[in-house]
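Input: a single structure, listed below in structure tokens.
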Amino acid sequence: MDSLNPEHPPLTVMPAEHAPRVWMFWGTALWGVVIFAAMFVGQIGAIVYLVWSHGAPMSLASMQDVGREPAALALSVTMGLPSTLAAVWLAIRIKKASFVDYLALHWPSWKQLLFGAVGLILLVLAWETISRSLGREATPGFMTDLLKSGRDKGAALMLLFAFSVAAPMSEEVLARGFLFRGWSASFLRVPGAIILSSLVWTVVHLQYDAYFLAEVFTIGVWFGYMRHRANSLWLTIVLHALNNMTAVVLTMWLGS
């Protein structure tokens, strides 16, 4: 796939003296666990704070009750972003590497953005067609209920920001940013890194059933390919954000 990107060769092709600045397979895997844990702590921390601020007893039941509220869930998802960025920054800082270069935070060309968007649209439409042919819902029922409840309770903008900005940035920095960067420089190379990082990203969405997980995985593979082709994490962040924003808006205001 390197030949598909002649103008912007991927960072995985580097002089040998720069190799120590990248976490390889196991280092990337272990730091990936730490980063995911940091994301989880940030999200749970927001719920704990809300339980405390409401004066409720600090128990699992109280946290579950608060966490069911759309505004609380939106805050939880949002607070996962700074903790994720902090953990990734620490991992890269230890390697004394550039944060921007390590994560490929380079803005893509409009041609690359258009190509990525068209591919994503075709992929989503294919899954939409399959869903309709099988008589399945195109959006998981619990997400539909959550988003419509958030709209009715005045938390629409909070949920829109959480799912269209915070979640895409957190997940892309972890999957197509940190994990892809290290694994593509290891024995997995680019194809293996795309597959494995997509699997990890799919595992993050275990609240879905097997059908939707398959859709998530295929979208992850497309994002991984575009991350490699354009050498740009911003590209996958934007694509991820557009995909989520479209789903949120359609479900909240236009869905049946």
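Residue numbers for the sequence shown follow the numbering used here, so the first one is 33 and each next one is one higher.
Yeah, the Cβ is synthetic: ideal placement off N, Cα and C, and Gly gets one too.
Since this is a predicted model, take the numbers as computed values, not measurements.
| Check | Outcome |
| --- | --- |
| Quick one: is M56 near chain C, going by C-beta distance under 8 Å? | Considering every chain present, this structure includes no chain C. It has just one protein chain. |
| What span of residues does the alpha helix (DSSP H) with M56 cover, start to end? | It is not in any alpha helix (DSSP H) - M56 carries neither H nor E in the DSSP assignment. |
| Are the beta-carbon atoms belonging to S264 and P140 less than 8 Å from one another? | yes |
| Does the distance from the CB of V280 to the CB of S196 come in under 8 Å? | yes |
| Roughly how many whole angstroms lie between the Cα atoms of I76 and S108? | 7 Å |
| Have a look at K185 and P102 and give me their C-alpha separation to the nearest angstrom. | 8 Å |
| Would a C-beta distance cut-off of 8 Å place R53 and K143 closer than the cut-off? | no |
| For G148, I'd like the list of residues in its chain whose CB is within less than 6 Å of its CB, leaving aside the five on either flank, ordered along the chain. | M258, L267 and L271 |
| Count the other CB atoms within 10 Å of the CB of A78; is the residue buried (16 or more) or exposed (fewer)? | buried |
| At 4 residues or longer, what runs of the alpha helix (DSSP H) sit wholly inside the region 225 to 276? | 242 to 262 |
| Please look up how many angstroms separate the CB atoms of V80 and A119, rounded, as I've assumed it's under 8 Å. | With 8 Å as the limit, V80 and A119 do not qualify as a contact, their Cβ atoms being about 19 Å apart. |
| Measure the alpha-carbon distance for A194 versus A106 and round it to whole angstroms. | 5 Å |
| Straight-line CA distance for R261 to M190? | 33 Å |
| Among residues of its own chain, excluding the 5 on either side of E294, which ones have a beta-carbon nearer than 7 Å to its beta-carbon? | Since the first residue of the chain shown is 33 and the last is 288, residue 294 is not available in this structure. |
| Let me know the secondary structure DSSP gives L135 once reduced to three states. | coil |
| Is the beta carbon of V222 sitting closer than 8 Å to the one on H237? | no |
| Is the beta carbon of L220 closer than 8 Å to that of F72? | no |
| Got a sec? Which residues, its chain only, sit under 6 Å from T44 by beta carbon, not counting five neighbours each side? | A caution first: T44 carries a pLDDT of 46, below 50, which makes its placement in the model unreliable, though a value can still be read off. Around T44: S216 and A217. |
| Starting from F147, trace the alpha helix (DSSP H) in both directions and tell me its first and last residue. | W142 to L166 |
| Does DSSP classify S9 as helix, strand or coil? | Any question about residue 9 goes unanswered here, given that the chain covers just 33 to 288. |
| Measure from the alpha carbon of S85 to the alpha carbon of each residue in A70, V98 and I153, then state which is nearest. | V98 |
| Note down, in chain order, each residue of its chain lying with its Cβ closer than 7 Å to the Cβ of F255, except the 5 sequence neighbours on either side. | R208, T268, L271 and H272 |
| Is DSSP giving P223 helix, strand or coil here? | helix |
| Among the candidates F210, G214, A70 and I226, whose CA atom is the shortest distance from the CA of L113? | A70 |
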